[in-house]
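Colleague: In the UniProt record's numbering, the protein residues as written are 1 to 107.
#1: Does DSSP put residue 101 in a helix, a strand or coil?
#2: Rounded to whole angstroms, what is the Cα-Cα separation between residue 1 and residue 105?
#3: Where does residue 72 sit, in a helix, a strand or coil, going by DSSP?
#4: For residue 38, which residues of its own chain have a beta-carbon under 7 angstroms away from its beta-carbon, when the five flanking residues on both sides are left out?
#5: Less than 8 angstroms between the CB atoms is what I'm expecting for residue 48 and residue 20, so what's the real figure, rounded?
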């Protein structure tokens with residue numbers, strides 16, 4: 001199997017992925033900083049999570065477990081975690097400039 005330019009399998013070195021998820025807290029600058037740190041650590045890839053509030057929640061859905069002091073609802077939280085398509089392109093290019101494979105899992 002191959003991921004980008006990397007062969008994956010028992011006869012190859014580990015393919016290490018730095019999982020950022022939504023640790024960026026909705027900040028493009030923070031997301032870019034995570035990419036830079038991942039590259040400094042020597043991993044091969046960086047992975048985010050793609051969230052779309054309107055697909056994951058409703059404006060009326062209450063918190064299951066309240067954990068955010070700045071968001072009134074789950075919807076507000078997921079909306080804050082969203083990046084635009086243009087922002088995702090910026091992050092992908094930033095990762096590639098730092099020699100990383102860019103990944104994101106949809107939710």
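Ideal placement from N, C-alpha and C gives every residue a C-beta, glycine not left out.
Modeller: This is what the structure gives:
#1: strand
#2: 19 angstroms
#3: coil
#4: 18, 46 and 100
#5: Confirmed, Cβ separation roughly 5 angstroms.
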